[in-house]
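Enquirer: Letter 79 of the sequence shown, counting from 1, is numbered 80 in my numbering, and no numbers are missing.
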Amino acid sequence: MSSNKPSSGLSRMDEILAEARRNREEKEKSYRGRALKMYPPICARCGREFEGKRLKELTVHHKDHDHDNNPPDGSNWELLCLYCHDNEHARDGVADWYEGSSGGNEDGNAPALTHKPFSGLDALLKKMQNKE
Numbered sequence: 002m003s004s005n006k007p008s009s010g011l012s013r014m015d016e017i018l019a020e021a022r023r024n025r026e027e028k029e030k031s032y033r034g035r036a037l038k039m040y041p042p043i044c045a046r047c048g049r050e051f052e053g054k055r056l057k058e059l060t061v062h063h064k065d066h067d068h069d070n071n072p073p074d075g076s077n078w079e080l081l082c083l084y085c086h087d088n089e090h091a092r093d094g095v096a097d098w099y100e101g102s103s104g105g106n107e108d109g110n111a112p113a114l115t116h117k118p119f120s121g122l123d124a125l126l127k128k129m130q131n132k133e
């Protein structure tokens with residue numbers, strides 16, 4: 002009975018290894034795998050290098066934001082770390098939000114900017130000049 006366990010354990014291990022190899026080969030065919038082969042594992046924005054387990058922190062950014070646009074030469078890709086990738090998409094979202102807005106939209110999508118940091122400054126300056 003104990004002789005069956007190692008062979009069944011070995012068989013299960015073989016299955017796991019075979020599945021891991023298949024997954025790796027499938028991933029290498031994907032645009033991420035292709036991008037990692039084309040470009041050095043360095044973030045295009047901050048310049049940090051990635052290797053080993055940390056390689057998973059490097060993402061493929063589509064420059065035109067179209068995930069279906071995956072040319073074989075990789076011209077629509079750049080490798081970005083998780084932080085720079087999030088920052089890139091956040092900047093685009095903020096730019097889209099403010100696009101065409103000068104402190105507020107008629108359609109109400111962007112809030113009106115009501116804070117005026119220099120209001121009252123002239124009175125404060127006059128007050129300071131009177132004290133001199």
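From the three backbone atoms N, C-alpha and C, an ideal C-beta is built for every residue, glycine too.
1. My assumption, with CB atoms under 8 Å, is that W78 sits in contact with H90. Please give the rounded CB distance.
2. I think L81 touches T60, with their Cβ atoms under 8 Å apart; what is that distance to the nearest whole Å?
3. Starting from L122, trace the alpha helix (DSSP H) in both directions and tell me its first and last residue.
4. Going by DSSP, what residues sit across from H62 in a beta bridge?
5. Bridge partners for I43 per DSSP, in chain order?
6. Using the Cβ count rule (16 or more neighbours within 10 Å means buried), how would you classify C47?
7. Any idea what DSSP makes of N24, helix, strand or coil?
8. Which whole-angstrom value describes the C-beta separation of R33 and G75, a residue pair presumed to lie in contact below a C-beta threshold of 8 Å?
9. Could you check which residue in A19, S31 and H116 has the C-alpha nearest to that of D69?
Expert: In this structure, then:
1. By 1-based counting over the sequence shown, the position of residue 78 is 77. By 1-based counting over the sequence shown, the position of residue 90 is 89. About 15 Å separates the two Cβ atoms, so there is no contact after all.
2. On the sequence shown, position 80 is the one that residue 81 refers to. On the sequence shown, position 59 is the one that residue 60 refers to. About 6 Å separates the two Cβ atoms, so the contact holds.
3. For the purposes of this step, residue 122 is taken as the residue at position 121 of the sequence shown. Run containing L122: L122 to K132, per the alpha helix (DSSP H) assignment.
4. In the sequence shown, the residue the question calls residue 62 occupies position 61. Bridge partners of H62: E79.
5. As a working note, residue 43 is residue 42 in the sequence shown. Looking at the DSSP output, I43 shares a beta bridge with E50.
6. Numbered from 1 along the sequence shown, position 46 holds the residue referred to as residue 47. Of the residues assessed, C47 falls on the exposed side of the cut-off, its CB having fewer than 16 other CB atoms within 10 angstroms.
7. As a working mapping, residue 24 is identified with position 23 in the sequence shown. Judged by DSSP in its simplified three-state form, N24 adopts helix.
8. On the sequence shown, position 32 is the one that residue 33 refers to. On the sequence shown, position 74 is the one that residue 75 refers to. Between G75 and R33 the Cβ distance is about 11 Å, and since that is not below 8 Å, they are no contact.
9. For the purposes of this step, residue 69 is taken as the residue at position 68 of the sequence shown. The candidate whose alpha carbon is nearest that of D69 is S31.
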